[in-house]
Amino acid sequence: MTISSPSPQAPILSTRNLSLHFDEGQTRALDGVDIEIVEGEFVAITGPSGCGKSSLLNLIGTLDIPTSGDIHFRSRPYSALGDLSLFRRENIGFIFQSFYLLPTLSALDNVLVPTIGRSGDHEERARALLTRLGLSNRLDHFPGKLSGGERQRVAIARALINDPDLILADEPTGSLDSANAAQVLDLLDCLRREKELTIIMVTHDANVSARADRVIPMRDGKVDAEVAA
Amino acid sequence: MNLLRFALDNLYRRPARTALTVSAISLGIAAVVALTSIAWGFEASWQKANDARGTDLIVTRIASENTMPSPFVAEQVRPALSALPHVQQVVGLLSEMLTVSEDAPPVFVFGWAHGSYLWEHLKLKDGRWPADDGEAVLAIGSLAAEMLHKQVGDDIEIEGRLFKVAGIFESSALVENGALIMTLTQMQQITDKPGKVNILNIKLDNSATDADIETIKAQVRKTMPGFIAITSGELVQKNAVVRISKAMSNATILIAGLVGALVVFNTMLMSINERTREIGILLALGWQRRTVIKLIVGESVILTLAGGAIGILLGIAIASGLGHLELMRGKIDAVFSLPFLFAVLGLSVFLGICGGLYPAIKAARLLPSQALRQE
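As structure tokens, then:
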């Protein structure tokens with residue numbers, strides 16, 4: 001279910017009045033969020049803990065279902081996509097703060113996990129990606145034997161294995177020291193240009209968000225209009 | 001990297017749980033295989049003994065449900081049976097399971113009419129057959145001779161009377177190889193059942209057809225109230241021990257099936273609860289729900305396939321081993337049918353699918369965000 005891009009400056013993604021409520025509306029994680037992300041953009045969503053930035057990323061990544069509102073990917077509403085897991089597999093790559101690598105699989109096998117159930121031989125591509133990310137000598141290493149920076153680079157390779165257009169990164173440098181964090185951010189920026197990716201990154205770190213083309217600040221489940229202005 | 005390797009890896013990294021589950025399943029399957037093969041072997045052995053004797057029809061009491069049918073006075077029906085068309089011989093048989101040695105388990109003791117066709121299928125290995133009805137001698141099966149440590153010329157005390165071993169024979173039926181055979185008259189004397197038999201064996205002439213057999217059966221039912229004429233196969237089906245052992249093996253199949261399904265269900269449910277976040281990761285990485293279901297059901301099937309295969313081997317070993325125990329020698333001759341063993345393996349895989357399906361659907365229904373939040 002790959003949805004092709006109509007034009008470089010067209011929005012790849014937009015949300016309309018997006019809300020996510022819990023406890024029968026008592027808790028409003030998101031409350032009427034409208035954002036628009038352009039193809040190839042590197043956007044940082046920032047804000048204090050509990051402001052709804054991760055909830056927004058989860059909804060964009062189809063990991064959660066909104067209470068109301070809709071999200072459009074290249075003008076097609078999510079509600080019309082049908083099989084969201086198929087859409088997710090072919091269009092979105094995830095990078096998590098805790099890496100979420102499977103501990104009993106080697107770096108190479110971890111990268112191949114998203115390809116299970118897909119036809120074709122993906123191993124060469126996985127090897128090439130890991131080599132591109134500087135891990136050619138770590139292919140057979142298990143996550144427990146890799147440094148934090150190396151683990152996140154394996155996770156980045158895994159996010160790219162299905163050749164997505166959109167990368168969603170939730171605090172990708174949150175578990176890294178400053179040197180590794182800078183290296184990962186450099187890599188993401190480089191890959192974005194190389195592969196014409198759109199990146200939406202959640203962070204509460206001002207130094208990290210400074211690397212983005214644009215920052216969407218959030219507060220109390222809404223886009224913080226004052227800061228955004 | 002494919003789904004099978006991924007499933008195997010998941011089982012490999014939980015060795016204790018995998019081993020326990022496989023053990024539980026294999027024990028259940030082993031019980032099914034051992035009991036069923038013993039039940040079938042028991043049935044086959046009796047059938048073989050009756051078939052080997054060349055008996056065409058057996059007359060017995062209609063309501064008898066014992067291992068050996070209840071004794072009756074042979075002369076009540078023998079003259080009428082002898083007069084039926086195609087009947088060549090009507091031969092009485094009296095049998096009991098008796099203790100003949102303090103060091104050995106009870107054995108079958110048969111009393112066969114002297115000079116009848118029943119003796120003809122036995123192969124004499126040593127000694128001779130009883131000379132006449134009045135001679136207090138025995139012929140003993142080769143297995144019984146081994147179990148009782150007896151040779152030709154030795155004495156065996158039965159019910160307070162001494163019998164000399166006249167001959168040692170070999171039969172194609174295990175039940176006869178482990179038995180002692182004397183003349184019917186001697187057997188009636190020592191068991192205080194003068195003139196009585198458990199069954200009357202009928203041998204028909206060569207011109208008798210299936211239709212003639214059916215006619216004889218109908219005539220017995222009509223003219224001899226309380227008696228029935230049946231084939232040896234039908235007698236075996238009527239045998240209470242055969243019926244009990246079959247009922248036990250069926251009950252075992254049912255119980256082992258239920259326990260097996262619950263074990264798999266429990267294992268997979270526990271495994272899913274422990275791996276909720278991992279399933280969330282897989283869903284986030286774009287795994288389709290049906291791939292998650294395939295993974296979990298696949299893991300259950302691998303567990304039950306391994307448990308089934310080990311269980312079948314264990315069951316065969318148990319059933320074969322029991323036949324060599326001193327207490328069971330000459331009584332168990334387990335029959336292993338390849339189609340049945342495949343059916344058991346199929347049952348095992350079916351348990352895997354049943355036990356794994358609900359946990360699989362439960363896992364696949366998780367919202368990825370919920371699953372990722374799990375500790």
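Those protein sequences? They're chains A and B, same order as listed.
Following the numbering used here, the numbering of the first sequence begins with 1 at its first residue and continues without gaps.
Following the numbering used here, the numbering of the second sequence begins with 1 at its first residue and continues without gaps.
Ideal Cβ placement from N, Cα and C applies to all residues, glycine included.
(message) Determine, for Asn162 (chain A), whether the minimum Cβ-Cβ distance to residues of chain B falls below 8 Å.
(response) yes
(message) To the nearest angstrom, how far is the alpha carbon of Leu176 (chain A) from that of Asp170 (chain A)?
(response) 13 Å
(request) Quick one: which residues of the region 300 to 329 of chain B get their C-beta closer than 7 Å to a C-beta of chain A? List them in chain order. (result) none
(request) Using a Cβ cut-off of 8 Å (strictly closer), state whether Ala2 (chain B) contacts chain A. (result) In the sequence as presented, Ala is not what sits at residue 2 (chain B); that position holds Asn. Closer than 8 Å to some Cβ of chain A, the Cβ of Asn2 (chain B) qualifies, so yes.
(request) Within the same chain, show all residues whose beta-carbon is closer than 8 Å to that of Leu108 (chain A), passing over the 5 residues directly before and after it, in chain order. (result) Glu123, Ala126, Arg127, Leu130, Leu139, Asp140
(request) Alpha carbon to alpha carbon, how far is Leu56 (chain A) from Ala34 (chain B)? Give it in angstroms, no decimals. (result) 60 Å
(message) How far does the alpha helix (DSSP H) with Asn177 (chain B) in it extend, from its first residue to its last?
(response) 174 to 177
(request) Could you name the residues of chain A that Glu278 (chain B) contacts, counting a contact when the two beta carbons are closer than 9 Å? (result) Tyr100, Leu102
(message) Excluding the 5 residues flanking Cys51 (chain A) on each side, which residues of the same chain have their C-beta closer than 6 Å to its C-beta?
(response) Met218, Arg219
(request) Would you tell me roughly how many angstroms separate the C-alpha atoms of Ala229 (chain A) and Lys362 (chain B), rounded to the nearest one? (result) Note that Ala229 (chain A) has pLDDT 49, beneath the 50 cutoff, so the model's placement of it is unreliable and the number below is only indicative. Approximately 45 Å, taken between the alpha carbons.
(request) Please confirm whether Ser234 (chain A) and Glu39 (chain A) have their CB atoms less than 8 Å apart. (result) Residue 234 (chain A) is absent from the model: chain A starts at 1 and stops at 229.
(request) Kindly list, in the order they appear in chain A, the residues whose Cβ is closer than 8 Å to that of Asp9 (chain B). (result) Thr104, Leu105
(message) By alpha-carbon positions, which one of B:Gly356, B:Phe342, B:Leu357, B:Gly323 ends up nearest to Ala39 (chain B)?
(response) B:Gly323
(request) Give, in chain order, every unbroken run of the alpha helix (DSSP H) that is at least 4 residues long and sits entirely within the region 135 to 198 of chain B. (result) 142 to 148, 174 to 177, 184 to 190
(request) Run down chain A in chain order and give the residues with a C-beta less than 9 Å from the C-beta of Gln288 (chain B). (result) Asp83, Ser85, Leu86, Arg89, Gly117
(request) Pull up the distance between the alpha-carbon of Tyr100 (chain A) and that of Arg28 (chain A), whole angstroms please. (result) 27 Å
(request) Ignoring anything shorter than 4 residues or poking outside the region 74 to 151 of chain A, list the alpha helix (DSSP H) runs there in chain order. (result) 84 to 91, 107 to 112, 123 to 132
(request) Just the C-alpha distance for Ile181 (chain B) and Trp112 (chain B), rounded to the nearest angstrom, thanks. (result) 7 Å
(request) Could you check the C-alpha separation between Leu285 (chain B) and Ala371 (chain B) for me, to the nearest Å? (result) 13 Å
(message) Distance check for Ser232 (chain B) and Pro385 (chain B), CA to CA, integer angstroms please.
(response) With chain B covering 1 to 375 only, the question about residue 385 (chain B) has no answer from this structure.
(message) So with CB distances below 7 Å, who are the chain A contacts of Arg17 (chain B)?
(response) Those within 7 Å of Arg17 (chain B) in chain A number zero; the least Cβ separation is about 14 Å.
(message) What are the residues in the region 56 to 85 of chain A lying within 9 Å of chain B by C-beta distance?
(response) Asn58, Leu59, Gly61, Thr62, Leu63, Asp64, Ile65, Asp83, Ser85
(request) List the endpoints of the continuous beta strand (DSSP E) containing Gly47 (chain A). (result) Unbroken run through Gly47 (chain A): none, as it is neither H nor E.
(request) Could you work out which residue in B:Leu295, B:Leu262, B:Ala136, B:Ile255 is closest to Lys164 (chain B) when comparing CA atoms only? (result) B:Ala136
(message) With distance defined between alpha-carbon atoms, name the residue in B:Ser245, B:Pro339, B:Pro15, B:Ile230 nearest to Ala31 (chain B).
(response) B:Ser245
(message) Taking the beta carbon of Asp64 (chain A) as the centre, do at least 16 other beta carbons fall within 10 Å, making it buried, or is it exposed?
(response) buried
(message) Run through chain B and tell me which residues come within less than 9 Å of Phe142 (chain A), C-beta to C-beta.
(response) What Phe142 (chain A) touches in chain B: nothing, since even the nearest Cβ is about 11 Å away.
(message) Do Leu143 (chain B) and Gly420 (chain B) count as a contact pair if the criterion is CB distance below 8 Å?
(response) Outside the shown range of chain B (1 to 375) lies residue 420 (chain B), about which nothing can therefore be said.
(message) So Phe22 (chain A) contacts chain B; which residues on that side make the cut at Cβ distance below 7 Å?
(response) In chain order: nothing, as chain B lies at least about 11 Å away.
(message) Using the three-state DSSP reduction, which class does Arg211 (chain A) fall into: helix, strand or coil?
(response) coil
(request) Mind checking which residues open and close the alpha helix (DSSP H) that includes Ala229 (chain B)? (result) Segment 227 to 230 is the beta strand (DSSP E) holding Ala229 (chain B); no alpha helix (DSSP H) there.
(message) Measuring alpha carbon to alpha carbon, tell me which residue in B:Gln188, B:Ala360, B:Ala19 is nearest Gly308 (chain B).
(response) B:Ala19
(request) For the alpha helix (DSSP H) holding Asn50 (chain B), just list the boundary residues, first then last. (result) 15 to 53
(request) Per DSSP, which residues does Glu96 (chain B) bridge with? Please list them. (result) B:Val109
(message) Check for me: the alpha helix (DSSP H) holding Phe336 (chain B) runs from which residue to which?
(response) Counting along the chain, Phe336 (chain B) falls outside any alpha helix (DSSP H), and DSSP gives it neither H nor E.
(request) Tell me whether the beta-carbon of Asn58 (chain A) lies closer than 8 Å to the beta-carbon of Leu166 (chain A). (result) no
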